Structure formats: structure tokens, C-alpha cells
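In what follows, a structure is listed as C-alpha cells, so that the remarks can point back to it.
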Amino acid sequence: MNFRIAVLQMRSAGRDWARNVETITARLREAAGKGADILLLPECFINGYILPAENADALPENSIPLARVCASARETGVGVVATALTQGKARPQNSAFVVSKDGDVLMKYSKVHTCDFSDEACLESGDAFRVCDFHGIRLGVMICYDREYPESARLLMLEGAEIILVPNDCMTMRPRVQALSTRAYENMVGVVMANPNGKNAGCSCAFSPICWDKEEQSVDNTLLLADEMSEGLYLADFDMDKIRDYRKHEMMGNTFRKVGAYAPLLDKTIRPPFIRSGQTN
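Each residue of the sequence shown is one higher than the one before, counting from 214 in my numbering.
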């Protein structure tokens, strides 16, 4: 069973949601022509990753833009990870909606690790990592800064994710790309990231969890690695039969973990040298 993900490396048109929805529709049609199952967008693509923002600048869950994206998914038969600033209880949230090939919203995820040291201090953080069933494949989502914390991918793996999709919008990508390869390896999950193109940006990528073959020889798990500047739609293919077989017998993920020694992970105390202005627990 091949699972093909179309990865959009492109910068959105700011807060021009109508133009951005047109772009998404056009790219869904392109993805359909290339046999893709789902389209992954960069972070906050529908209404632009422009901060600071207030709730009035964000989209309600029943918004016209999201409804149009869902209609385009249904028309093309290609799912989409639709990203936007959405209205929270008091402040906007940085969110991603997993939309099925039938145009149904399967899951909304709001970014847990907001960049509270920067412009994202104006946002409301999400409170949980979630996984959904996308036509027989278990998908998880983490957004940009979430991927800096190994706990994000680990929790998604524990929730049953087989593939983790990462909408992104940031720069200095080399160490971050390397980290995503590691997240795939240590959790035995596929990982795919979409980032806007630009100098010191781009580098959209995809990694397989399969890091050695049946002869125990290490293999390159890179399925996709774009350059910085190119704009376009890239494809990443995951052989789900091979991945599922690999997950049944290899020794990462949730195998042989000594969770009794992990209690400090839940300790909220922050000690030097990690104390920063604006930290909350």
C-alpha cells in the first residue's frame, strides 16, 4: 500500500485568504494529477503567519475559507492538512485541520509548543497531541516549534501515529531537518515537513522510519529533501506495508521503555541554565 503525500513548499499571500484558498485549490488539483493521497501545507497558510494577531484576525472553525478548502478536497479526492490562525477562547490558536478525501474534517490540532519567547506569545496554546484515522492510516500532526521537543513525536507515536505531518514556517533548517530524521528513527514513524521557500528556509523534507534493511545494513531514510529557494509541490511516498512490517519487529518506538525512570519529565520545575523570561508551565 503506497501512501503518497504532496508537500507544498511555498509562502502564502499574507492575510489574503481568498488568494490562499485559490492556491490550495490549484495545488490540490495538481496533487490529484500526481496521484497524491493528501496535501501538506506550511504553517498558517490560509490566513497567513502574521503576528501579533488578535482573535478578530483569526478564523472560526466554521469559516468560509475552511469550508472552501474542504469542498476542494472533496472535488479532487485529495485530503489536505489545512493550516490557519483560528479563534481560541480568548486569543488565536495556531491550528491544523486534517481533511479527508471526502472533504470531512477528521481532526483539529492546535500547536502546543507556541513560541512564547517571540511573537507567538500572543497565541493560546493547544493542550494535547492528537491522532486520527485517514482512510486506514493513522496520522498525527505537530506544528513547527513542536518538533523541537522529542516529547511531541513520542506522544503521537504512543497515540498510534504511523505518519507525523509537520506544517512549518521557520529558518535555519539544517539542525531541524536532522532532528526530524531522528524523530522518524526513534519512534518508527514516517515524518513529513512542509516549509515556505526562501533564503535560509525551505528544505521541506520527508523521512521513512526504516533505517536498516533485513540484512541489518543501515540505509538512508531520506525520502525527500528540497532546497531552500525552490517553490513547488514535492512528493513523498511511504510503503505502508513495509513500514508496518518494520514496526512489528524492530526495537524502537514503544518497545523496552523503562517508564519508571521517566518521572522527572513531568516535573514543572525550571532550573538554570534554562530559565527564560515569559516562561509558563
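The C-beta atom is built at its ideal place from N, Cα and C for all residues, glycine as well. None of these values were measured; they are calculated from a predicted model.
Asked	Found
Given His-462 as reference, the closest of Val-344, Arg-287, Lys-427 and Arg-217 once Cα atoms are compared	Lys-427
Coarse secondary structure for Leu-264, derived from DSSP in three states	coil
CB contact flag (Ile-251, Phe-347, <8 Å)	yes
C-alpha distance - Asp-340 paired with Ser-323, whole-angstrom precision	8 Å
Where Pro-380 falls, given that 16 or more other Cβ within 10 Å makes a residue buried	buried
Three-state secondary structure assigned by DSSP to Asn-413	coil
Spatial distance of Gln-306 from Gly-246 (CA atoms)	33 Å
Contained beta strand (DSSP E) runs [length at least 3] in the segment 214 to 256, N- to C-terminal order	215 to 222 and 251 to 253
Residues that Gly-403 bridges to, as DSSP identifies them	Ile-376
Sufficient close CB pairs (3 or more, under 8 Å) joining the segment 220 to 228 to the segment 392 to 411	yes
Whole runs of the beta strand (DSSP E) within the segment 413 to 459, excluding any shorter than 3 residues	418 to 420, 435 to 438 and 445 to 452
Cβ-based neighbour list, Leu-436, same chain, cut-off 6 Å, excluding 5 preceding and 5 following	Ala-419, Ser-421 and Ala-449
Proximal residues to Asp-359 (C-beta, below 7 Å), its chain only, five neighbours per side dropped	Lys-324, Val-325, His-326 and Ser-365
Cβ-Cβ separation, Thr-299 to Ser-285 (assumed contact under 8 Å), whole Å	With 8 Å as the limit, Ser-285 and Thr-299 do not qualify as a contact, their Cβ atoms being about 18 Å apart.
Cβ-Cβ distance between Gly-502 and Asn-400 below 8 Å	There is simply no residue 502 to check, as the chain begins at 214 and stops at 494 in what is shown.
Assigned secondary structure, Pro-388 (DSSP; H/G/I helix, E/B strand, else coil)	helix
For Met-320, the first and last residue of its enclosing beta strand (DSSP E)	318 to 323
Alpha helix (DSSP H) segment containing Arg-343, residue limits	That residue, Arg-343, is in no alpha helix (DSSP H); it is neither H nor E in DSSP.
Segment limits, beta strand (DSSP E) that includes Val-294	292 to 300
Reduced DSSP category for Ile-277 - H, G, I as helix; E, B as strand; rest coil	helix
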